[in-house]
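Novice:
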Amino acid sequence: MDFDKLKKSFSDAIDLTVEKAKILGNKTLEFAGDTLSQTALFIQNEDDYAEKLKTKRLVIIAFDENSPIEKDLMLHLATWQTKAFLDIATLKYLNREKSEKIIQDFEYQLPLEMRIFFQGEEVARFHDFAEIEAWWNADKRDYFEKKSEEKISQNDETLSEKPLSDNKKESSSEDPLAL
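The sequence shown begins at 30 in the numbering used here and counts up by one.
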């Protein structure tokens with residue numbers, strides 16, 4: 030019994046199996062990406078984009094589906110969607126194939142760009158996958174507190190200028206659970 034021959038035959042079989050698994054894994058990711066791009070996770074038109082900008086906390090990730098970045102995004106999608114939910118934020122995607130006009134009109138830079146909006150104003154922008162991943166792993170309240178503090182100081186100035194009876198009449202459209 031030749032141990033080297035036996036080892037080589039097992040090694041060849043394992044290598045062949047690994048290659049087939051990689052091919053099937055890539056096909057699965059491609060199918061998942063195509064299927065997900067048809068869902069509400071992706072912004073489909075300009076009206077939808079404008080409507081989403083009205084949300085309090087919004088994260089938009091634009092990407093080119095033909096770049097290797099798509100695989101990383103699809104692998105992180107569930108985790109980031111969960112983190113967005115926990116942060117009371119909305120996470121939406123734009124891909125070049127389905128939303129090319131929006132990407133051009135709003136000057137998104139491909140193959141990857143993530144923009145963070147708070148109350149309709151852009152507060153941050155990232156182009157590198159490592160930076161985006163670090164942002165998702167960090168405490169995101171910093172991006173939203175700055176804008177909240179500005180709003181609070183503006184409200185304090187407004188309140189000091191008005192009589193107390195006038196302030197009671199106005200109803201606040203602010204979210205009581207806001208950070």
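We put the CB at the ideal spot given by N, CA and C, even for glycine.
Values in this document were obtained by computation on a predicted structure and should not be read as measured data.
Distance, Cα to Cα, LYS83 vs ASP77?
Specialist: Start at 1 with the first residue of the sequence shown, and residue 83 comes out as number 54. Start at 1 with the first residue of the sequence shown, and residue 77 comes out as number 48. If I take the Cα positions, the gap works out to 10 Å.
Novice: Roughly how many whole angstroms lie between the Cα atoms of PHE60 and TYR122?
Specialist: Within the sequence shown, residue 60 is the residue found at index 31, counting from 1. Within the sequence shown, residue 122 is the residue found at index 93, counting from 1. Their backbone Cα atoms lie some 17 Å apart in a straight line.
Novice: Where does TYR78 sit, in a helix, a strand or coil, going by DSSP?
Specialist: Position 49 of the sequence shown, counting from 1, holds the residue named residue 78. Here TYR78 sits in helix by DSSP.
Novice: Check each candidate in LEU102, LEU141, HIS156, ILE132 and name the one with the smallest Cα separation from ALA72.
Specialist: Position 43 of the sequence shown holds residue 72. This sequence places Ile at residue 72; Ala is not what is there. It is ILE132.
Novice: Cα separation between PHE147 and ALA167?
Specialist: For the purposes of this step, residue 147 is identified with residue 118 of the sequence shown, where counting begins at 1. For the purposes of this step, residue 167 is identified with residue 138 of the sequence shown, where counting begins at 1. If you take the alpha carbons of PHE147 and ALA167, they lie about 17 Å apart.
Novice: Hey, how far is the Cα of THR68 from the Cα of ILE90?
Specialist: Counting from 1 along the sequence shown, the entry for residue 68 is found at position 39. Counting from 1 along the sequence shown, the entry for residue 90 is found at position 61. Their Cα atoms are separated by approximately 15 Å.
Novice: Hey, how far is the Cα of LYS85 from the Cα of LYS51?
Specialist: The count along the sequence shown starts at 1 and reaches residue 85 at position 56. The count along the sequence shown starts at 1 and reaches residue 51 at position 22. In a straight line, the C-alpha of LYS85 is about 40 Å away from that of LYS51.
Novice: Let me know if ILE43 comes out buried or exposed under the rule of 16 or more other beta-carbons within 10 Å of its beta-carbon.
Specialist: Locating residue 43 in the sequence shown gives position 14, counting from the first residue. Classification of ILE43: exposed, given that the 10 Å Cβ count is below 16.
Novice: Have a look at the DSSP bridge pairing and note the partners of MET143.
Specialist: Residue mapping note: residue 143 aligns to position 114 of the sequence shown, counting from 1. Paired residues: ILE90, PHE155.
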